[in-house]
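Colleague: Sharing a structure with you now.
Written as structure tokens, this is what we have:
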């Protein structure tokens, strides 16, 4: 099974200079938990509902003024649509990420795949459960107290 078989199409994104509030409103309206972030038509990051909660709201920022690029995750991964879900799963595990953008033949973004997509659409339940467990491992702290 390939990414093109499990991806969500019609990916909506947000411009890097749009506000955190605009991102939250888009996510709420579209009932999604993440948005790819674009600058000059190129993907530069991803912002999630967790980024908004932890990096913006909890720090007390003015969400209507702060650009989304200031809180986005720039650990962005894009894979070809012909990538197997096994290879994509390994990439997600290595990078400790839960979503990958899917690129088409002309290098445009044609979809997005999340762990949930793999779990819901994969016939390999063992792989799915194992992948969720591995990607969900807590990261080691960068700084020691």
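Residue numbers (full-length UniProt numbering): 1 to 145. Note that CB positions come from ideal geometry on N, CA and C, so glycine has one too.
From which residue to which residue does the beta strand (DSSP E) around residue 42 run?
Modeller: From DSSP, the beta strand (DSSP E) with residue 42 extends over 42-48.
Colleague: Cα-Cα, which of 5, 97 and 63 is closest to residue 78?
Modeller: Residue 97 is the option with its Cα nearest to residue 78.
Colleague: Using the rule of at least 16 other Cβ atoms within 10 Å of the residue's Cβ for burial, across every protein chain shown, is residue 58 buried or exposed?
Modeller: Classification of residue 58: exposed, given that the 10 Å Cβ count is below 16.
Colleague: Under the rule that 16 or more other beta-carbon atoms within 10 Å means buried, what is residue 23, buried or exposed?
Modeller: The residue in question, residue 23, is buried, as its Cβ has 16 or more Cβ neighbours within 10 Å.
Colleague: Residue 63 and residue 99: beta carbons closer than 8 Å?
Modeller: Against a cut-off of 8 Å, the Cβ pair of residue 99 and residue 63 comes out as no contact.
Colleague: Can you tell me which of the three DSSP states residue 98 falls into?
Modeller: Coil at residue 98, not helix or strand.
Colleague: Spatial neighbours of residue 122 within its chain, please: C-beta separation below 8 Å, excluding the five flanking residues on both sides.
Modeller: 1, 6, 85 and 128, listed in sequence order.
Colleague: Look at the Cβ atom of residue 47, then the Cβ atom of residue 35, and state whether they are nearer than 8 Å.
Modeller: Their beta carbons are under 8 Å apart, which means residue 47 touches residue 35 by this criterion.
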